[in-house]
Amino acid sequence: MTEQLRLMAVHAHPDDESSKGAATMAKYVSEGVDVLVATCTGGERGSILNPKLQGDPYIEEHIHEVRKKEMDEAREILGVKQEWLGFVDSGLPEGDPLPPLPDGCFALQDVEAAAEPLVKLIREFKPQVITTYDENGGYPHPDHIMTHKISMVAFEAAGDPEKYPEAGEPWQPQKLYYNQGFNRPRTVALHEALLERGMESPYGEWLERWKEFERRERTLTTYVPCADFFEIRDKALIAHATQIDPDGGWFRVPMDIQKEVWPTEEYELAKSLVDTSLPEDDLFAGIRNN
Numbered sequence: 001m002t003e004q005l006r007l008m009a010v011h012a013h014p015d016d017e018s019s020k021g022a023a024t025m026a027k028y029v030s031e032g033v034d035v036l037v038a039t040c041t042g043g044e045r046g047s048i049l050n051p052k053l054q055g056d057p058y059i060e061e062h063i064h065e066v067r068k069k070e071m072d073e074a075r076e077i078l079g080v081k082q083e084w085l086g087f088v089d090s091g092l093p094e095g096d097p098l099p100p101l102p103d104g105c106f107a108l109q110d111v112e113a114a115a116e117p118l119v120k121l122i123r124e125f126k127p128q129v130i131t132t133y134d135e136n137g138g139y140p141h142p143d144h145i146m147t148h149k150i151s152m153v154a155f156e157a158a159g160d161p162e163k164y165p166e167a168g169e170p171w172q173p174q175k176l177y178y179n180q181g182f183n184r185p186r187t188v189a190l191h192e193a194l195l196e197r198g199m200e201s202p203y204g205e206w207l208e209r210w211k212e213f214e215r216r217e218r219t220l221t222t223y224v225p226c227a228d229f230f231e232i233r234d235k236a237l238i239a240h241a242t243q244i245d246p247d248g249g250w251f252r253v254p255m256d257i258q259k260e261v262w263p264t265e266e267y268e269l270a271k272s273l274v275d276t277s278l279p280e281d282d283l284f285a286g287i288r289n290n
């Protein structure tokens with residue numbers, strides 16, 4: 001295939017692109033693939049998770065602008081393009097019972113209407129491949145679940161001239177994947193590798209909690225080799241300084257162990273309009289040779 005390859009990654013908040021599939025994106029950028037991140041919300045209601053920045057009055061008052069600057073820096077590190085869909089962060093409701101979601105937030109939008117800006121972006125950018133979240137959102141944040149919903153509508157509608165006629169000329173993406181980087185096999189492999197080396201594992205509690213969730217194991221169809229880009233992934237993640245503690249659990253597994261034990265990022269092929277054989281090692285399998 002001589003046509004330019006294009007990948008679109010649809011994410012809920014700034015920082016999601018750096019914690020889910022970032023090494024994959026950096027790998028494809030290095031190969032000349034055009035990569036665009038579509039960020040649904042501005043992350044305005046995200047908590048300041050880095051203890052070093054908590055209580056900073058400027059950050060608390062200007063969180064929207066701060067997170068936008070963090071996204072600009074992460075985008076440059078990854079070498080990707082990025083567009084905002086313009087929705088307002090829903091926040092993560094906590095408590096029992098859960099409080100209602102804030103008026104006007106992303107998760108309360110009508111799904112068909114909220115899909116339109118994504119359809120428009122798909123038709124403008126013309127990706128062959130889209131990545132997004134599964135129906136659980138990867139984890140059940142209302143914005144992640146809504147991101148899944150609009151991605152599914154947009155994938156089907158973007159190529160239909162009768163849908164969203166104001167959103168540009170139709171374009172049909174060929175494949176849609178769910179990010180599945182936080183999967184049990186990877187977590188177990190890293191956990192056991194650390195213990196075998198006499199090191200502490202940050203995953204013990206995770207694995208215990210995993211048993212409590214009555215969720216089916218996801219089908220991992222696609223393993224993208226991208227260990228050479230793990231450092232770029234981490235650098236992009238650290239750029240989201242309000243969200244990521246550089247001394248926190250994200251970075252407790254030594255890089256050499258990560259690269260040796262689990263050198264891939266994983267995906268679940270949800271929709272494909274091209275023939276491919278599973279498992280894959282390339283999101284563009286079945287497209288490059290057509």
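Residue 1 is where the sequence shown starts when you use the numbering used here, and the numbers rise one by one after that. Using N, Cα and C, we set each Cβ at its ideal position, and we do this for glycine too.
Residue i - partner residues in DSSP beta bridges
i             : result
aspartate 34  : Arg6
leucine 176   : Ile130, Lys271
tryptophan 84 : Thr39
valine 224    : Glu265
glutamate 280 : Thr222
Per-residue burial, residue i [other beta carbons within 10 Å of its own, 16 or more giving buried]
i             : result
arginine 67   : buried
glutamine 54  : exposed
aspartate 143 : buried
glutamine 4   : exposed
alanine 26    : buried
valine 253    : buried
leucine 98    : exposed
glutamate 116 : buried
Between the CA atoms of residue j and residue i - distance to the nearest angstrom
i                : j              : result
valine 261       : serine 18      : 21 Å
proline 279      : alanine 154    : 26 Å
aspartate 96     : tryptophan 250 : 28 Å
glutamate 192    : isoleucine 287 : 37 Å
methionine 1     : threonine 187  : At methionine 1 the pLDDT is 45, less than 50, meaning the model places this residue with poor confidence and gives no usable figure here.
valine 119       : lysine 20      : 22 Å
lysine 126       : glutamine 174  : 10 Å
glutamate 31     : valine 224     : 13 Å
aspartate 281    : threonine 222  : 5 Å
isoleucine 77    : asparagine 50  : 20 Å
glutamate 61     : leucine 190    : 39 Å
alanine 114      : glycine 181    : 26 Å
phenylalanine 87 : isoleucine 63  : 15 Å
valine 80        : isoleucine 48  : 25 Å
proline 246      : alanine 12     : 22 Å
valine 274       : leucine 194    : 40 Å
glutamine 172    : valine 29      : 22 Å
Pair within 8 Å by beta-carbon distance, residue i and residue j
i              : j                 : result
alanine 38     : leucine 85        : yes
alanine 158    : isoleucine 122    : yes
glutamate 65   : leucine 36        : no
aspartate 72   : glycine 42        : no
isoleucine 244 : aspartate 15      : yes
isoleucine 130 : leucine 176       : yes
asparagine 183 : tyrosine 133      : no
methionine 255 : phenylalanine 230 : yes
cysteine 226   : glutamate 169     : no
leucine 101    : leucine 108       : yes
glutamate 70   : histidine 240     : yes
Three-state secondary structure (DSSP) of residue i
i             : result
histidine 13  : coil
leucine 92    : coil
aspartate 72  : helix
serine 19     : helix
valine 66     : helix
glutamine 109 : coil
glutamine 243 : coil
glutamine 258 : helix
tyrosine 164  : coil
serine 286    : A quick correction: the sequence has glycine, not serine, at residue 286. In the structure shown, glycine 286 sits in coil (DSSP, three-state: anything other than H, G, I, E or B).
glycine 159   : coil
tyrosine 58   : helix
glutamate 116 : helix
Any C-beta of chain B under 8 Å from that of residue i
i         : result
serine 18 : Absent from the structure: chain B. Only one protein chain is present.
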